[in-house]
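Visitor: The structure follows.
Protein chains: 2
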Amino acid sequence: MKSRETADKRIVRVDLGNRSYDILIGSGLLQSAGGETLARLDCRKAAIITDTHVAPRYLDTLTESLQTDGIETFSLTLAAGEKTKSFENLHTAVDFILDARIERSDAVIALGGGVIGDLAGFAAAIVRRGVNFIQVPTSLLAQVDSSVGGKTGINTRQGKNLVGAFHQPHLVLADTDTLDTLTPREFAAGYAEVVKYGLIDQPDFFHWLEKNRKAVFSGGAERAEAIARSCAAKAAVVAADEHENGVRALLNLGHTFGHALERATSYDGARLVHGEGVAIGMVLAHEFSARMNLASPDDAKRVAAHLKDAGLPTTLGDIDGDLPPPDILMDAIGQDKKVKGGKLTFILTRGIGEAFIADDVPPSEVLAFLTEKQSQ
Amino acid sequence: MKSRETADKRIVRVDLGNRSYDILIGSGLLQSAGGETLARLDCRKAAIITDTHVAPRYLDTLTESLQTDGIETFSLTLAAGEKTKSFENLHTAVDFILDARIERSDAVIALGGGVIGDLAGFAAAIVRRGVNFIQVPTSLLAQVDSSVGGKTGINTRQGKNLVGAFHQPHLVLADTDTLDTLTPREFAAGYAEVVKYGLIDQPDFFHWLEKNRKAVFSGGAERAEAIARSCAAKAAVVAADEHENGVRALLNLGHTFGHALERATSYDGARLVHGEGVAIGMVLAHEFSARMNLASPDDAKRVAAHLKDAGLPTTLGDIDGDLPPPDILMDAIGQDKKVKGGKLTFILTRGIGEAFIADDVPPSEVLAFLTEKQSQ
Chain Z
1 MKSRETADKR
11 IVRVDLGNRS
21 YDILIGSGLL
31 QSAGGETLAR
41 LDCRKAAIIT
51 DTHVAPRYLD
61 TLTESLQTDG
71 IETFSLTLAA
81 GEKTKSFENL
91 HTAVDFILDA
101 RIERSDAVIA
111 LGGGVIGDLA
121 GFAAAIVRRG
131 VNFIQVPTSL
141 LAQVDSSVGG
151 KTGINTRQGK
161 NLVGAFHQPH
171 LVLADTDTLD
181 TLTPREFAAG
191 YAEVVKYGLI
201 DQPDFFHWLE
211 KNRKAVFSGG
221 AERAEAIARS
231 CAAKAAVVAA
241 DEHENGVRAL
251 LNLGHTFGHA
261 LERATSYDGA
271 RLVHGEGVAI
281 GMVLAHEFSA
291 RMNLASPDDA
301 KRVAAHLKDA
311 GLPTTLGDID
321 GDLPPPDILM
331 DAIGQDKKVK
341 GGKLTFILTR
351 GIGEAFIADD
361 VPPSEVLAFL
371 TEKQSQ
Chain L
1 MKSRETADKR
11 IVRVDLGNRS
21 YDILIGSGLL
31 QSAGGETLAR
41 LDCRKAAIIT
51 DTHVAPRYLD
61 TLTESLQTDG
71 IETFSLTLAA
81 GEKTKSFENL
91 HTAVDFILDA
101 RIERSDAVIA
111 LGGGVIGDLA
121 GFAAAIVRRG
131 VNFIQVPTSL
141 LAQVDSSVGG
151 KTGINTRQGK
161 NLVGAFHQPH
171 LVLADTDTLD
181 TLTPREFAAG
191 YAEVVKYGLI
201 DQPDFFHWLE
211 KNRKAVFSGG
221 AERAEAIARS
231 CAAKAAVVAA
241 DEHENGVRAL
251 LNLGHTFGHA
261 LERATSYDGA
271 RLVHGEGVAI
281 GMVLAHEFSA
291 RMNLASPDDA
301 KRVAAHLKDA
311 GLPTTLGDID
321 GDLPPPDILM
331 DAIGQDKKVK
341 GGKLTFILTR
351 GIGEAFIADD
361 VPPSEVLAFL
371 TEKQSQ
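Sequence order for the protein chains is Z and L.
Numbering follows UniProt numbering, in which position 47 of the first sequence is assigned residue number 47; successive positions increment by one, without gaps.
Numbering follows UniProt numbering, in which position 169 of the second sequence is assigned residue number 169; successive positions increment by one, without gaps.
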């Protein structure tokens with residue numbers, strides 16, 4: 001018998017009534033996946049979906065742990081990258097799960113980053129109108145953001161994440177050992193989402209990050225602490241508003257600008273990855289809030305300085321290559337799904353840790369602001 | 001201004017908390033679709049999905065009603081028939097809805113029978129993780145069964161309805177005028193599901209049907225009454241168990257045998273349509289219950305007599321062409337999704353209106369029963 005407890009394992013509970021679930025954060029969780037699963041689910045089979053980047057590193061460890069505990073395993077390895085979140089791969093994943101004869105009481109497991117989690121979660125949501133789902137996120141971004149909260153989906157030619165389902169996982173295993181192999185750029189991109197939780201409504205956490213950034217980046221207790229606090233922050237928002245009818249929109253801080261920049265760079269990860277777009281977007285949201293006399297310009301500077309220290313881009317000029325003119329950027333903002341009835345909904349702020357939902361932002365003000373930023 | 005009320009409009013409310021909705025049943029509802037929609041939804045656009053069979057008859061009427069009330073309309077006409085419930089058509093429907101820029105507050109409308117309702121409802125469930133959905137069922141089967149309760153889905157090579165979502169409609173408009181163009185065989189197939197509600201737990205309704213069958217078939221007040229009582233019966237079960245964790249399984253009365261027969265006839269509608277499979281399945285369920293000494297054989301005879309009078313097949317011998325041997329039929333039963341952990345779950349009965357869920361039926365008894373029935 002392997003030990004199923006690790007000294008530094010942290011547990012965050014997502015409180016959603018009879019769909020509540022645990023997020024486990026710590027070292028060695030891949031090795032205890034079988035036990036953690038059986039402690040929560042009466043699961044005979046598991047269909048693991050992963051990608052070509054993650055499979056060589058972690059698939060054997062996960063499979064061995066499940067099999068040791070008597071769970072029959074199946075695996076599907078898809079190409080790594082954002083393009084994998086397609087209708088075609090959804091079909092492939094659904095066929096794989098059905099061919100493995102996974103029943104509702106069995107489990108689909110996502111082993112990988114946000115792309116695999118979103119795709120596998122969506123497939124789990126629609127096979128038999130919902131089978132058990134376990135997230136094993138292996139990137140910082142996935143551990144602190146996409147694996148928590150039940151949003152699943154794919155991309156289509158009309159845009160990102162426009163097709164999907166709300167399907168809560170039954171367990172999230174965030175093995176911090178998997179972060180050791182991330183590149184500094186990948187880690188920093190995930191860190192942008194960590195900072196976001198501080199900026200939304202936890203100024204103390206932002207201050208803590210300002211003091212502990214280096215320790216978080218170098219691993220150990222501070223890193224696990226930052227992940228656990230991020231998960232707890234997201235869990236609280238999700239519990240308050242599972243289906244994004246209200247406060248959950250706060251999680252989009254930095255994302256309206258960020259998505260527009262991702263679109264403007266044709267989702268070319270060499271130029272800009274999601275977390276980097278969010279970093280620039282958060283700075284722009286603070287600057288725009290200052291411009292609207294809602295917040296102090298000093299806060300925007302402080303946010304930019306912290307993100308810059310973390311190795312993240314913070315201005316439009318930090319993006320390699322040319323950007324389209326402001327009116328095209330505005331069009332990209334208009335195509336974002338957070339537009340409602342023609343009005344622009346933005347997450348703005350009154351200062352660090354004081355974000356709020358503004359659903360009446362005049363497009364003309366945003367255009368003027370972007371024109372100003374691009375000419376700097 | 002058109003009148004939005006018709007003298008004989010009946011309303012059945014499906015009680016699901018903040019997702020409750022109305023089923024309207026009556027004449028002329030296609031003509032008042034716009035008003036009924038705006039009375040419930042702040043809807044600017046509607047994406048109508050229909051098929052080649054239904055579009056020529058009713059699409060213009062529906063479109064005109066919506067446009068008269070200021071709703072912008074888009075339409076997609078798919079091939080008629082069960083094969084339309086495919087992954088490929090799901091993709092087509094999703095693209096159509098996104099290209100029409102339908103927002104969550106707009107609506108997807110299914111105009112057609114069960115196939116269109118299941119497909120369009122599934123597409124509505126996954127676009128933007130759920131947009132408003134309106135059912136306009138034009139077959140009796142769809143009006144009394146598939147349009148109520150929120151089950152949506154498609155077929156895959158592994159089986160029927162194995163992929164889908166629970167997505168409740170926001171309104172169901174069952175225009176009884178559309179039933180006038182059904183063939184007698186189509187009407188009878190839908191009637192099997194009407195009878196089912198009596199057999200599950202409403203013996204009074206079954207007795208009422210025995211007395212009023214001819215009037216129900218010829219249209220008028222009794223027909224609308226039978227539809228309304230069926231919808232109310234289904235609504236009550238759905239309200240008690242939306243996601244089929246318990247009593248909702250009672251709605252599968254006749255369906256385990258029925259699905260196996262549909263599979264055994266390769267889903268060839270010329271030989272057997274769904275409602276006919278259910279009719280034979282209900283008789284078999286009553287006969288098997290009698291064989292297990294749970295119910296009186298007289299009840300099985302009474303059920304068979306009523307269905308036969310309605311023009312429905314009631315025995316294996318009523319199916320054109322050869323059926324596979326009993327062991328192959330058993331295999332088809334084993335592949336039904338209502339198998340859990342290897343044990344057979346059947347809906348059995350203690351008599352008319354006294355159906356119950358039996359989750360420990362010995363496969364050997366079913367095999368012996370089928371062998372007996374096939375040799376008769």
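We put the beta carbon where it would ideally sit given N, CA and C, even for glycine.
Under a three-way DSSP split, which group does Z/Tyr-191 fall into?
Guide: DSSP places Z/Tyr-191 in helix when its eight states are reduced to three.
Visitor: Residues of chain L with CB under 7 angstroms from Z/His-259, in chain order?
Guide: Simply none; closest approach about 15 angstroms.
Visitor: Within 8 angstroms (strictly less), CB to CB, does Z/Val-195 reach chain L?
Guide: Closer than 8 angstroms: no.
Visitor: Taking CB distances under 8 angstroms as the criterion, tell me whether Z/Gln-158 reaches chain L.
Guide: Judged by the 8 angstroms Cβ criterion, Z/Gln-158 is in contact with chain L.
Visitor: What residue ranges within the segment 137 to 192 of chain Z form continuous beta strand (DSSP E) runs of no fewer than 3 residues, ordered along the chain?
Guide: Listed in chain order, the complete beta strand (DSSP E) runs (minimum 3 residues) inside the segment 137 to 192 of chain Z are 151 to 156, 159 to 166 and 171 to 175.
Visitor: Given a threshold of 16 other Cβ atoms within 10 Å of its Cβ, counted over all protein chains shown, does L/Glu-5 qualify as buried or as exposed?
Guide: Caution applies to L/Glu-5, whose pLDDT of 43 falls short of 50 and renders its modelled position unreliable; the model cannot decide the point.
Visitor: Please go through the same chain and pick out, in chain order, the residues whose beta-carbon is closer than 6 angstroms to the beta-carbon of L/Arg-263, but skip the five residues on each side of it.
Guide: Only Ala-332 meet the Cβ criterion.
Visitor: For Z/Thr-50, which residues in the same chain have their Cβ closer than 7 angstroms to its Cβ, ignoring the five residues on either side in sequence?
Guide: Within the same chain, Z/Thr-50 has close Cβ partners Leu-59, Ser-75, Thr-77, Leu-111, Gly-112 and Ile-116.
Visitor: Output yes if chain L places a C-beta closer than 8 angstroms to the C-beta of Z/Ile-126; else output no.
Guide: So yes, Z/Ile-126 belongs to the interface.
Visitor: Is the beta carbon of Z/Ile-227 closer than 8 angstroms to that of Z/Val-108?
Guide: Not a contact, by the Cβ cut-off of 8 angstroms.
Visitor: Is L/Asp-164 close to chain Z, meaning its C-beta is less than 8 angstroms from at least one C-beta of that chain?
Guide: The residue asked about is misnamed: residue 164 of chain L is Gly in this sequence, not Asp. Closer than 8 angstroms to some Cβ of chain Z, the Cβ of L/Gly-164 qualifies, so yes.
Visitor: With a threshold of 16 other CB atoms inside 10 Å of the CB of L/Gln-376, please say whether the residue is buried or exposed.
Guide: It counts as exposed.
Visitor: Could you tell me how far apart the beta carbons of Z/Ile-351 and Z/Ala-295 are, in whole angstroms, since I believe they sit closer than 8 angstroms?
Guide: One detail in the question is off: residue 351 of chain Z reads as Gly in this sequence, not Ile. Right, their Cβ atoms sit about 5 angstroms apart.
Visitor: With 16 as the cutoff for other CB atoms within 10 Å, does L/Lys-85 come out buried or exposed?
Guide: Result: buried.
Visitor: Do the segment 56 to 71 of chain Z and the segment 148 to 161 of chain Z meet, that is, are 3 or more Cβ pairs less than 8 angstroms apart?
Guide: Short answer: they don't touch.
Visitor: Based on the DSSP output, what are the partners of Z/Phe-87 in its beta bridges?
Guide: Per DSSP, none; premise fails for Z/Phe-87.
Visitor: Give the DSSP-derived three-state secondary structure of Z/Leu-329 in the structure shown.
Guide: Correct three-state label for Z/Leu-329: helix.
Visitor: Check whether the Cβ atoms of L/Asn-161 and L/Cys-43 lie closer than 8 angstroms to each other.
Guide: Contact flag unset, no.
Visitor: Are the Cβ atoms of Z/Phe-288 and Z/Leu-348 separated by less than 8 angstroms?
Guide: Yes.
Visitor: Measure the Cβ-Cβ separation of L/Gly-164 and Z/Arg-185 and say whether it is below 8 angstroms.
Guide: No. Outside cutoff.
Visitor: Hey, is L/Ala-332's beta-carbon within less than 8 angstroms of any beta-carbon in chain Z?
Guide: Answer no: the Cβ-Cβ gap between L/Ala-332 and chain Z never drops below 8 angstroms.
Visitor: CB Z/Ala-355 to CB Z/Leu-199, shorter than 8 angstroms?
Guide: Yes, these two residues count as a Cβ contact at 8 angstroms.
Visitor: What does Z/Arg-13 pair with, by DSSP beta-bridge criteria?
Guide: Answer by DSSP bridge pairing, in chain order: Z/Asp-22.
Visitor: Can you confirm whether L/Lys-337, when its beta carbon is compared against all beta carbons of chain Z, has any partner nearer than 8 angstroms?
Guide: Reliability fails at L/Lys-337, whose pLDDT of 46 lies under 50, so the model's placement of it is uncertain and no value is given.
Visitor: How many Å lie between Z/Val-127 and L/Glu-82 at the Cα?
Guide: Cα to Cα, the separation comes out at about 19 angstroms.
Visitor: Flag this pair as touching only if the segment 264 to 278 of chain Z and the segment 211 to 228 of chain Z have three or more C-beta atom pairs under 8 angstroms; answer yes or no.
Guide: The segment 264 to 278 of chain Z, when compared against the segment 211 to 228 of chain Z, does not touch it at the 8 angstroms Cβ threshold.
Visitor: Compute the Euclidean distance between the alpha carbons of L/Val-12 and Z/Arg-57, then round it to the nearest angstrom.
Guide: L/Val-12 and Z/Arg-57: Cα-Cα distance of roughly 56 angstroms.
Visitor: Any Cβ of chain L within less than 8 angstroms of the Cβ of Z/Val-94?
Guide: Yes, because at least one Cβ of chain L sits closer than 8 angstroms to the Cβ of Z/Val-94.
Visitor: Using a C-beta cutoff of 8 angstroms, does Z/Thr-37 count as contacting chain L?
Guide: Judged by the 8 angstroms Cβ criterion, Z/Thr-37 is not in contact with chain L.
Visitor: With a CB to CB cut of under 6 angstroms and the five nearest residues on each side skipped, what residues in its chain are close to Z/Asp-241?
Guide: The answer, listed in chain order, is Val-247 and Arg-248.
Visitor: Do you know how far the Cα of L/Ser-105 is from the Cα of Z/Gly-34?
Guide: Answer to the nearest angstrom: the Cα atoms are 43 angstroms apart.
Visitor: For Z/Pro-137, count neighbouring C-beta atoms within 10 Å of its own C-beta (all shown protein chains included) and say buried if the count is 16 or more, exposed if not.
Guide: Classification for Z/Pro-137: buried.
Visitor: Any idea what DSSP makes of L/Gln-376, helix, strand or coil?
Guide: Coil at L/Gln-376, not helix or strand.
Visitor: Hey, quick one: how far does the alpha helix (DSSP H) through Z/Gly-112 stretch, first residue to last?
Guide: No alpha helix (DSSP H) holds Z/Gly-112; the beta strand (DSSP E) holding it covers 107 to 112.
Visitor: Taking C-alpha atoms, which residue in L/Asp-298, L/Glu-365 and L/Phe-87 lies nearest to L/Thr-152?
Guide: Per the Cα distances, L/Phe-87.
Visitor: Between Z/His-91 and chain L, is the shortest Cβ-Cβ distance under 8 angstroms, so that the two count as touching?
Guide: So, interface residue.
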